[in-house]
Structure formats: structure tokens, C-alpha cells
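Q: First residue of the sequence shown? That's 10 in the working numbering, and the numbers climb one at a time after it.
Just dropping this structure here.
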Amino acid sequence: IRRGADSTHGDDTGTLKELVALWLNIEFCPTPFISAGDKHRRGFVSDTCGKLLCLAEWCWEDPSSVRAGIWDCTTALIVSKNSWPLFMYQNSVADPTNLECSLMKSKLLVMGFKAIFTSPSSANEVDGDSEGADIIENNRRAQRQSDQTKVKTCIASIIGMRKVTPCAIAYTACQVSIDACL
């Protein structure tokens with residue numbers, strides 16, 4: 010069972026690595042573009058990836074303190090249990106007075122979830138709102154509507170997932186952050 014789970018994690022990482030690079034290139038148009046096969050232009054080296062991985066309470070645009078502090082491993086930049094990277098916020102923007110507002114509502118997170126648990130092609134159907142997205146029910150409805158066409162069963166159906174769970178969100182967030190870094 011452990012070997013199967015490890016294989017699935019690797020498959021998710023491989024699939025998302027290409028998709029996350031594509032999504033970031035479309036959404037942010039970085040210069041140079043992020044390549045799925047180039048580990049050296051991801052993470053905090055890439056301005057786009059660095060901003061998305063930067064914690065909400067820090068200001069990535071300040072190269073003299075935050076960027077330099079991250080690269081130099083400065084102890085002044087403390088990560089707490091309430092620290093969240095910007096890619097987890099809707100439109101990658103956090104409200105400094107209320108860090109829970111729009112948390113876990115990012116388009117990137119929803120697209121990652123759909124790519125993992127429904128299908129990579131379904132991730133392209135995210136409209137960017139992500140408010141109240143009933144991902145699993147929408148996928149089930151699409152399968153019922155295409156009763157004449159053979160449809161591959163999604164992972165959510167295989168594992169009996171009826172709703173989006175905190176563990177699934179955490180797993181997706183880890184996968185997306187890994188693929189933005191690696």
C-alpha cells in the first residue's frame with residue numbers, strides 16, 4: 010500500500026510540475042517563462058514563484074529586506090503556524106489586517122485540486138472565482154451527462170471522496186508549493 014501511495018504522490022508531482030509552470034506562465038507572464046524541466050528558475054530565484062511562495066505578512070517587493078533575508082536565511086524572518094504563502098490567497102493578495110480573509114481561495118489551489126482529484130483537463134475549467142466551488146459534484150454531474158461516452162473515473166470517485174476535505178486541501182497545497190519550488 011505504501012509503495013502505491015508513494016507512486017501516486019510522484020505522479021501528482023510530475024503532472025502538476027508541468028501544469029503549474031503552464032498556469033504561472035499564462036497568469037503572470039514571467040520573464041523568462043517558467044520551464045517545467047528547469048529547476049534553477051523556480052522557487053525564490055524566480056520573481057513570480059518567489060512572490061507566490063513568500064508569506065503573506067512579508068513584502069516580496071522589498072528586495073533589500075525580505076528577498077535578501079530569505080536568500081541569506083536571516084533569523085528575523087520568522088515563520089509561525091499562522092504564516093501562509095501568497096499562492097493560497099484569492100488573486101494572490103492577502104489582507105494584512107485579516108490574514109484569514111480569502112485564504113484557501115486561490116485559483117491556483119483550486120486548479121491544483123481539480124488536476125489531482127478530478128482530472129488535469131478539468132483544472133482548465135476554473136473561472137478564477139473559486140467561491141463555493143463544488144468541484145466533486147460538478148465532476149459527478151458531468152459524468153452523468155456523458156452517459157453515452159465512456160468516461161475515466163476520477164480519483165475522487167475511486168477513493169469515495171464526497172466533499173473537499175482539509176486533508177485534501179493540505180495535500181494539494183503541499184503539491185502546488187513543491188511544484189512552484191522545484
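Just so it is clear, CB atoms sit at the ideal spot from N, CA and C, and this is done for glycine as well.
Locate the alpha helix (DSSP H) running through residue 56, then write down its first and last residues.
A: Note, residue 56: alpha helix (DSSP H), 56-62.
Q: Pick out whichever of 171, 34, 49, 53 has its Cα sitting closest to the Cα of residue 81.
A: The shortest C-alpha separation from residue 81 is found at 53.
Q: For residue 117, collect the residues of the same chain with a Cβ closer than 7 Å to its Cβ; drop the 5 residues on either side in sequence, then sort them by chain order.
A: Hits under 7 Å: 32, 96, 185.
Q: Pull up the CB-CB distance for residue 101 and residue 61, whole angstroms please, since I reckon it's below 8 Å.
A: Their Cβ separation, rounded to whole angstroms, is 6 Å, which keeps residue 101 and residue 61 in contact under 8 Å.
Q: Tell me which residue opens and which closes the alpha helix (DSSP H) that residue 88 is part of.
A: Counting along the chain, residue 88 falls outside any alpha helix (DSSP H), and DSSP gives it neither H nor E.
Q: When we look at the beta-carbon of residue 74 and count the other beta-carbons within 10 Å, is it buried (16 or more) or exposed?
A: Per the 10 Å Cβ criterion, exposed.
Q: Would residue 187 and residue 113 be called neighbours here (beta carbons separated by less than 8 Å)?
A: Cβ atoms of residue 187 and residue 113: not closer than 8 Å.
Q: Between which two residues does the alpha helix (DSSP H) holding residue 119 run?
A: 116-126 is the span of the alpha helix (DSSP H), which, as asked, contains residue 119.
Q: Note down the Cα distance separating residue 139 from residue 49, rounded to an integer number of angstroms.
A: Note that residue 139 scores 48 on pLDDT, short of 50, meaning its location in the model is unreliable and no value can be drawn from it.
Q: Leaving out the 5 sequence neighbours to the left and right, which residues in its chain are closer than 6 Å to residue 9 when beta-carbon positions are compared?
A: Here the chain comprises residues numbered 10 to 191, so residue 9 is not present and cannot be evaluated.
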